[in-house]
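Residue numbers for the sequence shown follow my numbering, so the first one is 13 and each next one is one higher.
Where a beta carbon is used, it is the ideal one built from N, C-alpha and C, also for glycine.
All values reported here derive from a predicted model rather than from experimental measurement.
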Amino acid sequence: MKDSLAWAHYNLDNVQEAERLFAEMLADDPKSPLALVGLGWMAHDRDDFETAAERFGAAAEIRPEEQAIAGLGSSLYRLGKLPIDDALGYLDAALAISPEYYWAMRQKGWLLSAEGLSADAVAAFEEVLEVNPDDTNAMYGSAYVLSRDDQWQEALPFVNRALQHKPDFTAALSRRSLILLSLGRPAQALKDGERVIELRPNDSDGFVRVARAQSALGRTKDAIATLAKAEEIVGYDGYLFYWQADLLSDAGDTDLAVKKLKTVITVGDADYYDHELLSVIQLDSKRFPEARKTVDKALTLYPLEPYLMYYDSLILINEQEYAQAEARFDEAVAAELPVERLSNFLKQLVGAARYLQAVQMRVRYSSLEE
13 MKDSLAWAHY NLDNVQEAER LFAEMLADDP KSPLALVGLG WMAHDRDDFE
63 TAAERFGAAA EIRPEEQAIA GLGSSLYRLG KLPIDDALGY LDAALAISPE
113 YYWAMRQKGW LLSAEGLSAD AVAAFEEVLE VNPDDTNAMY GSAYVLSRDD
163 QWQEALPFVN RALQHKPDFT AALSRRSLIL LSLGRPAQAL KDGERVIELR
213 PNDSDGFVRV ARAQSALGRT KDAIATLAKA EEIVGYDGYL FYWQADLLSD
263 AGDTDLAVKK LKTVITVGDA DYYDHELLSV IQLDSKRFPE ARKTVDKALT
313 LYPLEPYLMY YDSLILINEQ EYAQAEARFD EAVAAELPVE RLSNFLKQLV
363 GAARYLQAVQ MRVRYSSLEE
């Protein structure tokens, strides 16, 4: 009875109360698989995979049922303790117990997506839809993976189907806003973003979607104001600060843009894109000494990223290390930097009066293209 009540609270987004009830169940019976599995899912949802693995593992030892096995495999994979094939094996084991356990089927898609195996991931989601055509989470999964790979037009029908079945599916509304924006339909993207705000007014995601659509519509001041309002509501948020920096830099407020990104980095929330955007802003504003520090730090974290190598090459030109700059640009191209970046690199060489080097480099790259 308490188990059903806990899940009822969970389904109403009363996660804290659900977890409290599962904890009570475990206190009453430390070997309750229902309590252990419930607490496992609570931890899994908040990305506390260490705790989730402990809870699911304990439940599986007591009663090896599908949820405990699938949750354990997923958690161990996300902790880096299982290779993808073994993780998929756990999910297959869960499906052997319960062939219509759709979460396990969908999770195959998410794990394959995490491995960068997009075609296999979409195939896994489509396999779910073959047996459960109304599975909105599988529709969303296909849309997410396709859009992540810039297959915007292919992703749109999947997210549209999900929203036909479940109009207030917030993640799908947010994803469709991004897809529509990327397809050059900002007015429609704006509507979806506004609906996300209505559904989740204390989350930065909808505000970012609205601001990006406003910016695409030429309403830059409105976009900046939208994100400022979001900051008043949610406070510090790394995702929000990134997009504030992006829009502020486009509007010419370089100092505040840099401040936003440095805050994210100082807090420890920065990912590759934060470091890259800060590098670009500093380079575009010709703050080369600052850009040197930013790029050096980023390269210690992401040494194989071609754009960071490219930014390094531009800084080397400013530092008058011209031979090193050319060699670094070559490294970036070898790491799959688009060769179209050559034009800007040569422009920087010409600006430094390295005319012969620029001509020779142009000839060298022309011969490589033949």
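**OP:** Decide if residue 282 is buried, meaning its Cβ has at least 16 other Cβ atoms within 10 Å, or exposed.
**Re:** Position 270 of the sequence shown holds residue 282. Residue 282 comes out buried.
**OP:** List in chain order: all unbroken alpha helix (DSSP H) runs of 4+ residues lying wholly within the region 323-380.
**Re:** You should have 334-346, 354-363.
Subject >> Span separating the alpha-carbon of residue 314 from that of residue 258 >> reply: Here residue 314 refers to the residue found at position 302 when the sequence shown is read from its first residue. Here residue 258 refers to the residue found at position 246 when the sequence shown is read from its first residue. One C-alpha to the other measures close to 21 Å.
Original post:
Is residue 51 helix, strand or coil by DSSP?
Top reply: For this step, residue 51 is matched to residue 39 along the sequence shown. Correct three-state label for residue 51: helix.
Subject >> Spatial neighbours of residue 159 in its chain, beta-carbon cut-off 7 Å, leaving aside the 5 residues before and after >> reply: Position 147 of the sequence shown, counting from 1, holds the residue named residue 159. If we look at residue 159 and ignore the five residues flanking it on each side, its Cβ neighbours are 167, 187, 190, 191.
Original post:
Using the beta-carbon count (16 or more within 10 Å), is residue 45 buried or exposed?
Top reply: In the sequence shown, counting from the first residue as 1, residue 45 sits at position 33. Buried, because 16 or more other Cβ atoms sit within 10 Å of the Cβ of residue 45.
Subject >> Complete runs of the alpha helix (DSSP H) confined to the region 213-240 [at least 4 residues] >> reply: Runs of the alpha helix (DSSP H) inside the region 213-240: 216-228.
**OP:** Please report how far the alpha carbon of residue 118 lies from the alpha carbon of residue 150, in whole angstroms.
**Re:** Within the sequence shown, the letter at position 106 stands for residue 118. Within the sequence shown, the letter at position 138 stands for residue 150. Taken atom to atom, the span from the alpha-carbon of residue 118 to that of residue 150 is near 6 Å.
Subject >> Span of the alpha helix (DSSP H) around residue 85 >> reply: For the purposes of this step, residue 85 is identified with residue 73 of the sequence shown, where counting begins at 1. In the DSSP annotation of this structure, the continuous segment of the alpha helix (DSSP H) that includes residue 85 starts and ends at 78-90.
Original post:
Do the region 199-215 and the region 175-182 meet, that is, are 3 or more Cβ pairs less than 8 Å apart?
Top reply: At 8 Å Cβ cutoff, the stretches touch.
**OP:** Kindly provide the ranges of any alpha helix (DSSP H) runs that are 4 or more residues long and lie completely inside the region 242-292, ordered along the chain.
**Re:** Secondary structure remark: continuous alpha helix (DSSP H) runs of at least 4 residues inside the region 242-292, in chain order: 250-262, 266-279.
Subject >> Cβ-based neighbour list, residue 249, same chain, cut-off 6 Å, excluding 5 preceding and 5 following >> reply: The residue labelled residue 249 in the question sits at position 237 within the sequence shown. If the five residues before and after residue 249 are omitted, its C-beta is found closer than 6 Å to the C-beta atoms of 216, all from its own chain and listed in chain order.
**OP:** May I ask which residues mark the beginning and end of the alpha helix (DSSP H) holding residue 26?
**Re:** Residue numbering aside, residue 26 sits at position 14 when the sequence shown is read from its first letter. Per DSSP, residue 26 lies in no alpha helix (DSSP H) segment and is marked neither H nor E.
**OP:** Please name the residue in 92, 251, 326, 58 whose C-alpha comes closest to that of residue 297.
**Re:** Taking the first residue of the sequence shown as 1, we reach residue 297 at position 285. The residue among 92, 251, 326, 58 with its C-alpha nearest the C-alpha of residue 297 is 326.
Subject >> CA nearest to the CA of residue 324, picked from 312, 316, 337 >> reply: As a position in the sequence shown, residue 324 is number 312, starting the count at 1. Comparing Cα-Cα distances from residue 324 to each of 312, 316, 337, the minimum goes to 337.
Original post:
Which first and last residues belong to the alpha helix (DSSP H) in which residue 200 is found?
Top reply: Against the sequence shown, residue 200 aligns to sequence position 188. 198-211 is the span of the alpha helix (DSSP H), which, as asked, contains residue 200.
Original post:
Roughly how many angstroms separate the alpha carbons of residue 196 and residue 233, rounded to a whole number?
Top reply: Position 184 of the sequence shown, counted from the first residue, corresponds to residue 196. Position 221 of the sequence shown, counted from the first residue, corresponds to residue 233. Rounded to the nearest angstrom, the two C-alpha atoms are 20 Å apart.
Original post:
Quick one, are the C-beta atoms of residue 223 and residue 240 less than 7 Å apart?
Top reply: Within the sequence shown, residue 223 is the residue found at index 211, counting from 1. Within the sequence shown, residue 240 is the residue found at index 228, counting from 1. Taking 7 Å as the Cβ cut-off, residue 223 and residue 240 do not qualify as a contacting pair.
Original post:
Considering residue 66, what are the terminal residues of the alpha helix (DSSP H) in which it resides?
Top reply: Taking the sequence shown and counting its residues from 1, the one referred to as residue 66 is at position 54. Run containing residue 66: 61-74, per the alpha helix (DSSP H) assignment.
**OP:** Would you tell me roughly how many angstroms separate the C-alpha atoms of residue 368 and residue 361, rounded to the nearest one?
**Re:** Counted from its first residue, the sequence shown places residue 368 at position 356. Counted from its first residue, the sequence shown places residue 361 at position 349. Answer to the nearest angstrom: the Cα atoms are 9 Å apart.
Subject >> Local conformation of residue 314 per DSSP, three classes >> reply: By 1-based counting over the sequence shown, the position of residue 314 is 302. Note: residue 314 maps to coil in three-state DSSP.
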